[in-house]
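Participant: Numbering (my numbering), first residue to last: 19 to 97. What follows is a single structure, and I will ask about it in a moment.
This is the structure we're talking about:
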């Protein structure tokens, strides 16, 4: 199982993605990641763990952009 969310807006979407992943946490508790885009540059943060443990304040301020996707992962087979 896993959960995926995408948001496109007119202002930074990092906190909206974080909130959405928190709501999807039941779909995957092994890892989480967010990628945003601003001015043609991609910004990402991903790691193993729960959403609240993966994304710290220092990570969130670097995830600038009005377009982004996020995921939570729960492995069902393999790693």
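Yeah, the Cβ is synthetic: ideal placement off N, Cα and C, and Gly gets one too. Note that the structure is a prediction, hence the values are computed from the model and not measured.
1) Residue 56 and residue 88: beta carbons closer than 9 Å?
2) If the criterion is Cβ atoms closer than 9 Å, does the pair residue 98 and residue 38 meet it?
3) With a floor of 3 residues, list each beta strand (DSSP E) that falls wholly inside the region 43-72, ordered by position along the chain.
4) So, at 7 Å on beta carbons, what are the nonlocal neighbours of residue 30 in its own chain, with the 5 sequence-adjacent residues on each side left out?
Facilitator: From the atom records:
1) As a first step, residue 56 is located in the chain shown; it is residue number 38 there, counting from the start. As a first step, residue 88 is located in the chain shown; it is residue number 70 there, counting from the start. It is not a contact, given that the beta carbons lie outside the stated cut-off.
2) Given that the chain is displayed from residue 19 to residue 97, the structure contains no residue 98 and the question cannot be resolved.
3) 49-56, 59-66
4) Numbered from 1 along the chain shown, position 12 holds the residue referred to as residue 30. Correct list, in chain order: 82, 83, 84.
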